[in-house]
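Protein chains: 2
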Amino acid sequence: MRSIALAKNNAVKYPSCLSTFTQDNAKIFPHPEVRNILNYHSGQTILFEDDTIHYLYEIVTGTVKTYTILNDGRRQITGFYTKDDILGLPARGRYFYSAEAITDTTVCYHTLSRMEQLLQSNPDLAQKMIEIAYHQLSDTHAQLVSLGRKKPDERVATFLLNCQRWTTIQVPSQEAVVSLPMSRLDIADYLGLTQETVCRVFSKFNRAGLIKLLSASQFTLKDQKQLSALAQTL
Amino acid sequence: MRSIALAKNNAVKYPSCLSTFTQDNAKIFPHPEVRNILNYHSGQTILFEDDTIHYLYEIVTGTVKTYTILNDGRRQITGFYTKDDILGLPARGRYFYSAEAITDTTVCYHTLSRMEQLLQSNPDLAQKMIEIAYHQLSDTHAQLVSLGRKKPDERVATFLLNCQRWTTIQVPSQEAVVSLPMSRLDIADYLGLTQETVCRVFSKFNRAGLIKLLSASQFTLKDQKQLSALAQTL
DNA sequence: CGCCTGCTTGATGACAATCAAGTTTAGTGG
DNA sequence: CCACTAAACTTGATTGTCATCAAGCAGGCG
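Protein chains in written order, with our numbering: chain A, 92 to 325; chain B, 92 to 325.
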């Protein structure tokens, strides 16, 4: 499963799993079962923007949103993250987003200082960290294109296709059920729209037979080709 | 000088200069004067989106824009880059943007395969690459907030303040002249607006005394405080 | 000096935000 | 298990804002 922070089409799942390095290779951390696992309920905050970075989080299960809030309360969700994604990449020593659990979530955390020590002696871990950052960067660039230049229909189409890749483990079968763990408001704040507009586009796609809405939080893709064309995703 | 891909306020210049590592530490590349320097004229393309990545580029002088083009010609500029910034970070083996010189530009390039070899033996270089990627990621997140949730006035204010930090070497004196090497259309395509809207906001800020336009491509900041408030940049 | 490109300003209209009701869903307690 | 409540979602009507269309203006380069 990959981050859907991205609106990238040709992206495939990239193996992250820092635990492999920190536990199996380096044995720095105790086993997840022992100490470095945390659980969050839906709605709980995992980290706050501008806090000093002490930990790096790896999602074990669940879905997490990251966001920034402006003075007057406007919110931009900058990404959705799920199993194996990494949260809390450090820049200038501070988190550059807040993160909140959308569903009940389990994370594995690693202390940053240990991580930095490890990087010195473990080039494979360093390579992995670089890859993770680059993938997130690539995904975020795709999202810039959505927010800056795509119309509401196109943004939603892009988002739905990303949801599919995110939900579906392997080759997506035409009729596989895709789930939307986040609210309409979350989707709106991710796509730079209002929840009303998101609703209307969902309904429109449903009526047009591009998707079939099973419930507010589940749908299937009925016309992937047309959706891809809308998404400008060749 | 830092990338102004970012709309980040509290960001400071981060030293990149990969040459330090590749030349002084590792002596892998010949001296810049000899072989790994390239020059581009204003308007020339440096790299194309979706091309296989062979090189990493470090800007020596000049200003570069990166962008993505949609099917029907809509363009999103994803960042402006200048001295010491790195272009061509690899994700999934392909460049995820095209890059074009705005002014005459000199770059120093490094082959990716060499780079990867170096990473294995040089943890400091790895650390540097990670930092660069994280900074770019942080900057891009700030830009997501601009595009998704800020109003045109606020986006322009954010942009102008970034231009100041980008132009000004050190502590910005109130009246220092800031230059805009990119066209109004470039600015518009960066901010998700039209060039007409950008023009109008520039004029409005000029009339209101927030800035003083010296020419189409030069201005001074007259009321930084008010601009910062507009930019939602505490 | 004159043209051409880029910039600026104005008039108009489309589209998404806002405001406002309803409707459905999920969660809680009897 | 079902009734009740609150939150989330959906749909409709109206408004405001920014894109579009259009026309001058100016500055830079041959």
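Each residue gets a CB set at the ideal place from its N, CA and C atoms; glycine is no exception.
Cα-Cα separation between Tyr-131/B and Val-289/B, rounded to whole angstroms: Approximately 28 Å, taken between the alpha carbons.
Cβ shell of Gln-167/B (< 7 Å), same chain only, five flanking positions each side left out: Cβ neighbours of Gln-167/B within its own chain (closer than 7 Å, five residues either side excluded): Tyr-158, Thr-159 and Asp-280.
Where Phe-187/A meets chain B, residues with beta-carbon distance less than 7 Å: Within chain B, the residues near Phe-187/A are Ser-229 and His-232.
Listed by chain order, chain A residues near Thr-169/B by CB distance under 8 Å: Simply His-232, Leu-235 and Val-236.
Burial state of Asn-253/B, where buried means 16 or more other Cβ atoms lie within 10 Å: Label assigned to Asn-253/B: buried.
Beta strand (DSSP E) runs contained entirely in the region 253-317 of chain A, provided each spans 3 or more residues: Counting whole runs of 3 or more residues, the region 253-317 of chain A contains the beta strand (DSSP E) stretches 268-270, 302-306 and 309-312.
Buried versus exposed call for Asn-162/B [16 or more other C-beta atoms within 10 Å across all chains shown]: Answer is exposed; the Cβ neighbour count stays below 16.
Residues, ordered as in the chain, of the region 210-225 of chain B that lie near chain A by beta-carbon distance below 7 Å: Residues are counted here when their Cβ sits less than 7 Å from a Cβ of chain A; for the region 210-225 of chain B these are Leu-210, Gln-211, Pro-214, Ala-217, Gln-218, Met-220, Ile-221, Ala-224 and Tyr-225, given in chain order.
Integer-rounded CB distance, given that Thr-249/A should sit under 8 Å from Lys-241/A: Between Thr-249/A and Lys-241/A the Cβ distance is about 7 Å, and since that is below 8 Å, they are a contact.
Selection from Thr-136/A, Asp-142/A, Ser-237/A and Ile-221/A that minimises the alpha carbon distance to Leu-180/B: The shortest C-alpha to C-alpha distance from Leu-180/B to any of Thr-136/A, Asp-142/A, Ser-237/A and Ile-221/A is the one to Ile-221/A.
Outcome for Arg-246/B when other beta-carbon atoms lying within 10 angstroms are tallied against a minimum of 16: Flag for Arg-246/B reads buried.
Of the listed residues Asp-244/B, Tyr-172/B and Tyr-146/B, nearest to Pro-272/B (C-alpha basis): Taking only the C-alpha atoms, the option nearest Pro-272/B is Tyr-172/B.
Close-in-space but distant-in-sequence residues of the same chain around Lys-118/A (CB under 7 Å, 5 per side omitted): For Lys-118/A, the predicted structure reports a pLDDT of 36, less than 50, and the residue's modelled location is therefore unreliable. A value from the coordinates is still provided. Same-chain partners within the cutoff: there are none.
Three-way DSSP call (helix, strand, coil) for Gln-323/B in this model: Here Gln-323/B sits in coil by DSSP.
Reference Arg-291/B, options Asp-244/B, Gln-208/B and Thr-143/B, closest by Cα: Selected option, being the one with the closest Cα: Asp-244/B.
Coil, strand or helix - His-201/A by DSSP: If DSSP states are grouped into helix, strand and coil, His-201/A belongs with the strands.
Contact the region 207-215 of chain A vs the region 182-199 of chain A: 3+ CB pairs below 8 Å: Judged by Cβ distances under 8 Å, the region 207-215 of chain A makes no contact with the region 182-199 of chain A, as fewer than three pairs qualify.
Residue span of the beta strand (DSSP E) that contains Ile-193/A, given as start and end: Segment: none, Ile-193/A is in no beta strand (DSSP E) and carries neither H nor E.
Within-9 Å CB hit, Lys-241/A to chain B: For Lys-241/A, the answer is yes, since a Cβ of chain B falls inside 9 Å of its Cβ.
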